[in-house]
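Peer 1: The structure is given below, and queries will be raised subsequently.
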Amino acid sequence: QVTLKESGPGILQPSQTLSLTCTFSGFSLSTYGMGVGWIRQPSGKGLEWLANIWWDDDKYYNPSLKNRLTISKDTSNNQAFLKITNVDTADTATYYCARIKAYVFDYWGQGVMVTVSS
Amino acid sequence: DVVLTQTPSTLSATIGQSVSISCRSSQSLLDSAGNTYLYWYLQRPGQSPQLLIYLVSNLGSGVPNRFSGSGSGTDFTLKISGVEAEDLGVYYCMQATHAPYTFGAGTKLELK
Chain A
-15 QVTLKESGPG ILQPSQTLSL TCTFSGFSLS TYGMGVGWIR QPSGKGLEWL
35 ANIWWDDDKY YNPSLKNRLT ISKDTSNNQA FLKITNVDTA DTATYYCARI
85 KAYVFDYWGQ GVMVTVSS
Chain B
19 DVVLTQTPST LSATIGQSVS ISCRSSQSLL DSAGNTYLYW YLQRPGQSPQ
69 LLIYLVSNLG SGVPNRFSGS GSGTDFTLKI SGVEAEDLGV YYCMQATHAP
119 YTFGAGTKLE LK
């Protein structure tokens, strides 16, 4: 059974760094072809893909967030991470992680709400 | 970036009615290896998106066969053959052929 769960700080202030963790089970990020992606959704709005990390540690980022994103993984503990630097109110959203198998985002976590406010 | 245009933005249906949602891409989603990375997701109220269709027309695990996907190149369609109450929510198409991956703006399926 594949499950993913996101965790984060809940609230943070503008200019701080947002650190998110995706803890998963039912698959391994050391398996060929496997990946984890991060997607976010502002309240009442659509979905925005942020970044992927693959079994071979290859990484892809959405260039719209320029150099603010860093994705990483801890294969032995079944976790993936996303950092977003210099946040502002536009980064307020629900953040999801999802398993990627054969380029399909097939299982998603329940999401974690993040609010950026002074 | 690839723009995915979904129509309609809102769809009102009765239980048992068949409906279709269109997703048009600003460029072809067929890659050089012959794959088309087009997906459909349903987001029920208060829930995370769930996979319905992958690679244009393949049914996701556990997805009822009243859902079907079709299309090629730049034009894609999701069809629901006999809407049920549990199908209500927002439907999104997504492409992963071209980076950055992008989503359509969504189609809200409501009960008439």
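If you read the sequences in order, they're chains A and B. Just so we're aligned, residue -15 is where the first sequence starts under the working numbering, counting upward by one. Just so we're aligned, residue 19 is where the second sequence starts under the working numbering, counting upward by one. Even glycine gets a Cβ: it sits at the ideal position worked out from N, Cα and C.
Taking the alpha-carbon positions, what's the S101(A) to G(-6)(A) distance?
Peer 2: Taking the first sequence and counting its residues from 1, one reaches residue 101(A) at position 117. Taking the first sequence and counting its residues from 1, one reaches residue -6(A) at position 10. One C-alpha to the other measures close to 11 Å.
Peer 1: Is Y55(B) close to chain A? Criterion is C-beta to C-beta, closer than 8 Å.
Peer 2: Numbered from its first residue, the second sequence carries residue 55(B) at position 37. Output row for Y55(B): interface = yes.
Peer 1: Helix, strand or coil: which one does DSSP assign to D42(A)?
Peer 2: Your numbering for residue 42(A) matches position 58 in the first sequence. In this structure, D42(A) counts as coil in the three-state DSSP scheme.
Peer 1: With a cut-off of 8 Å, does the C-beta of G28(A) fall near any C-beta of chain B?
Peer 2: By one-based count along the first sequence, residue 28(A) stands at place 44. So no, G28(A) is outside the interface.
Peer 1: Which bits of chain B does Y79(A) rub up against, with CB to CB less than 9 Å?
Peer 2: Position 95 of the first sequence, counting from 1, holds the residue named residue 79(A). The contacting residues do not exist; Y79(A) stays about 11 Å from chain B at best.
Peer 1: Could you check the C-alpha separation between T5(A) and Q63(A) for me, to the nearest Å?
Peer 2: Taking the first sequence and counting its residues from 1, one reaches residue 5(A) at position 21. Taking the first sequence and counting its residues from 1, one reaches residue 63(A) at position 79. T5(A) and Q63(A): Cα-Cα distance of roughly 7 Å.
Peer 1: Between Y16(A) and chain B, is the shortest Cβ-Cβ distance under 8 Å, so that the two count as touching?
Peer 2: Working through the first sequence from its first residue, we reach residue 16(A) at position 32. Taking Cβ atoms only, chain B never reaches closer than 8 Å to Y16(A), which makes this a no.
Peer 1: Any C-beta of chain B within less than 8 Å: which residues of the segment -11 to 3 of chain A qualify?
Peer 2: Hits within the stretch: zero.
Peer 1: Say whether the segment 98 to 115 of chain B touches the segment 55 to 67 of chain B, bearing in mind that this needs 3 or more beta-carbon pairs closer than 8 Å, one atom from each stretch.
Peer 2: With a cut-off of 8 Å, the segment 55 to 67 of chain B and the segment 98 to 115 of chain B count as touching, because enough Cβ pairs lie within range.
Peer 1: How is A51(B) classed by DSSP in three states: helix, strand or coil?
Peer 2: Counting from 1 along the second sequence, the entry for residue 51(B) is found at position 33. Looking at A51(B) - three-state DSSP - the assignment turns out to be coil, as it is neither helix nor strand.
Peer 1: Can you check which of these residues, V20(A), T7(A), Q25(A), L(-12)(A), is closest to Y87(A) by C-alpha distance?
Peer 2: Mapped onto the first sequence, residue 87(A) falls at position 103. Of the candidates V20(A), T7(A), Q25(A), L(-12)(A), the one whose C-alpha sits nearest the C-alpha of Y87(A) is V20(A).
Peer 1: Exposed or buried, Q24(B), counting other C-beta atoms within 10 Å across all chains shown (16 or more means buried)?
Peer 2: Here residue 24(B) refers to the residue found at position 6 when the second sequence is read from its first residue. So Q24(B) ends up on the buried side.
Peer 1: Looking at N36(A) and Y44(A), is the spacing between their C-beta atoms short of 8 Å?
Peer 2: Position 60 of the first sequence, counted from the start, is the residue given in the question as residue 44(A). Position 52 of the first sequence, counted from the start, is the residue given in the question as residue 36(A). Contact flag set, yes.
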